Structure formats: C-alpha cells, structure tokens
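Colleague: Numbering (the numbering used here), first residue to last: 52 to 244. C-beta atoms are modelled at their ideal positions from N, C-alpha and C, and glycine is treated no differently. Just so it is clear, the structure is predicted and the values come from calculations on it, not from any experiment. Here it is: the structure, laid out below.
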Amino acid sequence: MSDLMLDVDQAGELKAAFRRGSWTNAEIKSACEGDKLAKFRQVILGNAEIVTVKHIIDCDSHPFVPVRNWEVRESDQLASRVTGQLEWNAANVGLFLSDTQKSDRHEGNQLRKELESQRVLPANVLDHLLKHPHLISEEYKGKHVFFWGTIYRDSGGYLYVCCLDWSGDRWYWDYYWLGSCFYGHSPAAVLAS
C-alpha cells in the first residue's frame, strides 16, 4: 500500500485532467473501484497497453425476432444486405434516403425495391447497438433508423422492418409495416461506399 498524500494542487490537476477528458462523476467513481487504476498505472509504467475493443457483429446469425409468430424468410430478404462478419465503425455507416423520401414520403414496398442497390444493414446490427448504446451516433437522435437487411413476415404474410429510435432518455427498437409510408426522418442504415 502506498503512503501517497494528495495535496490541493495535485487534486486540482486531476480535476482539470478529468474535465479535459469529459469524464462524468459516474466514470470517475467507476475508475476508482477495484483495481482499475492499478491496472492503468501499469500502462503509465510501460508494462501494459490499452487496446480498443473491436465490435464484431455476425450478420449471418439469427437476429432478435421482436414479435411472436414472426419469422425471417430468406425469400423476403434483400440480396444486397450486408452478410458475414462486420466490424462496427460508425464512420463506415451512412443514412440513406430515397429522393422521394427527401421531398415527401415513400411507400415501404416501393422503397424496398429502391434499396436493392444499397448495402443495407441487418437487424443484427440493431441488436448489437441496443446492447452497446455508446456506439450509437448522436446523429441518429430524432430519426427512425431502419435496418432493411432483415425483413420480418407475420403469420398473415405482412412484411415489417425494424428501426432504432430515441425516446428522449434511452434507445429502443420499433417496427413498421412495409405498407406504411417512410418519411424524411426514416433513413435506412447502409454500409457507406
């Protein structure tokens, strides 16, 4: 155990450093728990490194099915959807609006046809973002961001697509019937070229 005595100047330096780093009180409290700061000290001493966590999303796994009796049929899916392993990087994701959406609204089944040329992200990405909301871009607030890479079918044959939405204090999923209209605040999440 160290016999460290923190004087007023050192406490002020720490406070200034935390502010520069945009730390919250909750983050400072968390850093002080357990041996986190002891591990960070090893980085300063050159005995350890900080490695950024890679968020790998399996776009081929079965996504969350939000409603009982819904299913995901291969025949309903867009061929242009992203498949395989995707390393999440918000800089590589775009929000696509059709020209019709930009000026008015676009019926979902027609929009789906237009999205056949886009690398649309599947609902697996939506699931991952909801588990890791710190990865979600602030740009998404105020929008219904749709994940057209997964189309759901209900027992009556109606098709739906899920979206990411902001309630004012948390992120949540929602869904729209493809017979609905999709407006300018309803972009599709696509892999940017």
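Tell me which residues share the same chain as Glu189 and place their Cβ nearer than 6 Å to its Cβ, disregarding the 5 neighbours each side in the sequence.
Modeller: For Glu189, where only same-chain residues beyond five positions count, there are no Cβ hits under 6 Å.
Colleague: Compute the Euclidean distance between the alpha carbons of Arg163 and Tyr211, then round it to the nearest angstrom.
Modeller: For Arg163 and Tyr211, the distance between alpha carbons rounds to 11 Å.
Colleague: Could you pull the start and end residues of the beta strand (DSSP E) that His157 belongs to?
Modeller: Per DSSP, His157 belongs to the beta strand (DSSP E) from 156-158.
Colleague: With DSSP as the reference, please indicate the residues paired to Ala240 in a beta bridge.
Modeller: In DSSP, Ala240 forms a bridge with Leu146.
Colleague: According to DSSP, which residues form a beta bridge with Asp109?
Modeller: Partner(s): Gln136.
Colleague: Please report the Cβ distance between Asp205 and Trp74, rounded to the nearest whole angstrom; I am assuming they are in contact, meaning their Cβ atoms lie under 8 Å.
Modeller: Not a contact, Cβ separation roughly 46 Å.
Colleague: Spatial neighbours of Arg132 within its chain, please: CB distance less than 8 Å, with the 5 preceding and 5 following residues excluded, ordered by chain position.
Modeller: Contacts found: Cys110, Arg170, Val171, Leu172, Pro173, Trp199, Gly200, Thr201.
Colleague: Could you tell me which residues DSSP pairs with Phe198 in its beta bridges?
Modeller: According to DSSP, which records beta bridges pairwise, Phe198 is partnered with nothing at all.
Colleague: So, with DSSP's three-state summary, where would you put Val59?
Modeller: Three-state DSSP puts Val59 in a helix.
Colleague: In the DSSP assignment, what are the bridge partners of Trp222?
Modeller: Partner(s): Trp217.
Colleague: Quick one: what does DSSP say Tyr203 is sitting in, helix, strand or coil?
Modeller: DSSP places Tyr203 in strand when its eight states are reduced to three.
Colleague: Look at the Cβ atom of Ser237, then the Cβ atom of Asn175, and state whether they are nearer than 7 Å.
Modeller: Taking 7 Å as the Cβ cut-off, Ser237 and Asn175 do not qualify as a contacting pair.
Colleague: Can you check the stretch 156-184 for any alpha helix (DSSP H) of at least 4 residues that lies completely inside it and give the ranges in chain order?
Modeller: Counting only runs of 4 or more, we get 159-165, 174-182.
Colleague: Quick check on Tyr211: does DSSP put it in helix, strand or coil?
Modeller: In the structure shown, Tyr211 sits in a strand (DSSP, three-state: E or B).
Colleague: Given this structure, state the Cα-to-Cα distance separating Ser81 from Leu181, to the nearest angstrom.
Modeller: Cα-Cα distance, rounded: 22 Å.
Colleague: Who does Tyr191 pair with in a DSSP beta bridge?
Modeller: DSSP output for Tyr191 lists no bridge partner at all.
Colleague: Keeping to the same chain, check which residues put their C-beta closer than 7 Å to that of Tyr223; ignore five residues upstream and five downstream.
Modeller: Hits under 7 Å: Asp216.
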